[in-house]
Amino acid sequence: MTHIPLEHVLFLSCILFSIGFIGVISRKNTLFMLMSLEVMLNAVGVAFIGAGSAWQQADGQVMFILILTLAAAEVAVGLALFIRMQRRYHSLDIDQLNEMRG
Amino acid sequence: MLANFLSIESLFYLAGLIAVIASLKVVTGKNTVHALLYLVVSLLAVAVCFYLMGAPFAAGLEVIVYAGAILVLFVFAVMMFGLTTDETKYAPQNKGLSFWVGPIILAMSLLTELLWVIDNAELQQQLTANVVTSKQVGMLLYGPYLLAVEIASFLLLAGLLAGYHYAKPDGRGTHL
Numbered sequence: 035m036t037h038i039p040l041e042h043v044l045f046l047s048c049i050l051f052s053i054g055f056i057g058v059i060s061r062k063n064t065l066f067m068l069m070s071l072e073v074m075l076n077a078v079g080v081a082f083i084g085a086g087s088a089w090q091q092a093d094g095q096v097m098f099i100l101i102l103t104l105a106a107a108e109v110a111v112g113l114a115l116f117i118r119m120q121r122r123y124h125s126l127d128i129d130q131l132n133e134m135r136g
Numbered sequence: 002m003l004a005n006f007l008s009i010e011s012l013f014y015l016a017g018l019i020a021v022i023a024s025l026k027v028v029t030g031k032n033t034v035h036a037l038l039y040l041v042v043s044l045l046a047v048a049v050c051f052y053l054m055g056a057p058f059a060a061g062l063e064v065i066v067y068a069g070a071i072l073v074l075f076v077f078a079v080m081m082f083g084l085t086t087d088e089t090k091y092a093p094q095n096k097g098l099s100f101w102v103g104p105i106i107l108a109m110s111l112l113t114e115l116l117w118v119i120d121n122a123e124l125q126q127q128l129t130a131n132v133v134t135s136k137q138v139g140m141l142l143y144g145p146y147l148l149a150v151e152i153a154s155f156l157l158l159a160g161l162l163a164g165y166h167y168a169k170p171d172g173r174g175t176h177l
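Structure follows, in structure tokens:
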């Protein structure tokens, strides 16, 4: 059992996740949206590590490593898409993409 | 008195507070590079949180992979965007060192916190009592989670191919 209560770890995780979520839905610059997504993934990692250390199991860290690979792949694809978007629209504004009517 | 005040819990709360402040600065920032620097500070603060929670392996991975690799990717992409067109109008032109103050204060408090924990024998004893070692993580990764590791490698390969494909220039025969 660690010295840090699990509730407080989950509280920190919730705060970080909310900050990232607000950033994703309120920013218009896609680069800032990607950074806010990083903050959100990081918050999920905090929750996993906290739970893993509360029960003294290594599963939390395993899930954190999987989240890390997911974040790496996501950032690679996202930044490549933004480079393409910058080349085509000369802007990173998400509203520029509204011609893709889906 | 000071030793009672600076227990593992309060150090954890301090690191969490730094992470929250830096994340807020990331989300509300105007300048992309400044926001990236605050994102580095936020990730380092979360790494200190991991270390205090008894997961030094995850803390090292966080620093190496997130703050080291992913953020460098961000910085290179920001350079490729050529932000002279749409971001420099937000940048303060001649503010001197004033915009360094925030990240320096946050990073320095993280550093002193980490040095305090490493230097303090009693805190070290408390920390090492309940650490989840990297050996356990490795045993799980190549045991019950082997399929997940394989799927993660597929995901990384897909990310590599997609990154190459999308960032490729349109013209034939040209390379990046």
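Residue numbers (the numbering used here), protein chains in the order written: chain A, 35 to 136; chain B, 2 to 177. Virtual Cβ for every residue (Gly too), placed ideally from N, Cα, C.
Residues C50 of the same chain have their beta carbon placed closer than 7 Å to that of G17/B, with the five preceding and five following residues left out of the count. Residue pairing by DSSP places N63/A opposite D127/A in a beta bridge.
Excluding the 5 residues flanking it on each side, D129/A has same chain C-beta neighbours closer than 7 Å at K62, in chain order. With a beta-carbon spacing of about 16 Å, A70/B and V47/B fall beyond the 8 Å limit used to define contacts. Residues are counted here when their Cβ sits less than 8 Å from a Cβ of chain A; for the region 32-60 of chain B these are T33, A36, L37, L40, S43, L44, V47, C50, F51, L53, M54, G55, A56, F58 and A59, given in chain order.
Listed along chain A, no residue sits closer than 9 Å to L147/B by beta-carbon distance, the nearest being about 11 Å off. The beta carbon of A92/A falls within 9 Å of a beta carbon belonging to chain B, placing the residue at that interface.
Closer than 9 Å to the CB of A114/A there is at least one CB belonging to chain B. Taking F51/A as the centre and dropping the five residues before and after it, the same chain places the C-beta of M74 and A77 closer than 6 Å to its C-beta, in chain order.
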